[in-house]
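Engineer: I'd like to ask you about the structure that follows.
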Amino acid sequence: MKRYTTFEEIDRDLKYLRLKSQIDLEEVKLGLNQSKETINETFSPINLIAGTLGSIIKKAFVLKVVDKLIGIKPVKKKEYDDD
Numbered sequence: 029m030k031r032y033t034t035f036e037e038i039d040r041d042l043k044y045l046r047l048k049s050q051i052d053l054e055e056v057k058l059g060l061n062q063s064k065e066t067i068n069e070t071f072s073p074i075n076l077i078a079g080t081l082g083s084i085i086k087k088a089f090v091l092k093v094v095d096k097l098i099g100i101k102p103v104k105k106k107e108y109d110d111d
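Residue numbers (the working numbering): 29 to 111.
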């Protein structure tokens, strides 16, 4: 524990702690604002649509490449008549 010999030392440390507290509060506010911006950008309609379309196009491309390499064709469903 720190021992103080004058009131000036106490006042200096109290001022330092108040300023540190204010800085910490501003850092929390800044972090919240950055988080809000990130969430807004991530879940914007344009980004959601672009992500969905990109995923669909990527899967279609991969299926096309696999089909060319392996030569597997999708099985078509046949209709059977009950006699």
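The C-beta atom is built at its ideal place from N, Cα and C for all residues, glycine as well.
Since the model is a prediction, treat every value here as computed from it, not as a measurement.
(1) Cβ of Glu2 within 9 Å of Cβ of Asn75?
(2) If you follow the alpha helix (DSSP H) that Tyr32 is in, where does it begin and where does it stop?
(3) Residue range of the alpha helix (DSSP H) that Gly82 falls in?
(4) Taking only the alpha-carbon atoms, compute the straight-line gap between Asp41 and Gln50 and give it to the nearest angstrom.
(5) If you draw a straight line from the C-alpha of Glu55 to the C-alpha of Leu91, how long is it?
Structural biologist: Well, looking at it:
(1) One cannot answer for residue 2 here, as it falls past the ends of the chain, which runs 29 to 111.
(2) For Tyr32, no alpha helix (DSSP H) segment is defined, and its DSSP state is neither H nor E.
(3) 73–98 is the extent of the alpha helix (DSSP H) around Gly82.
(4) One C-alpha to the other measures close to 14 Å.
(5) Rounded to whole angstroms, Glu55 to Leu91 spans 48 Å at the Cα level.
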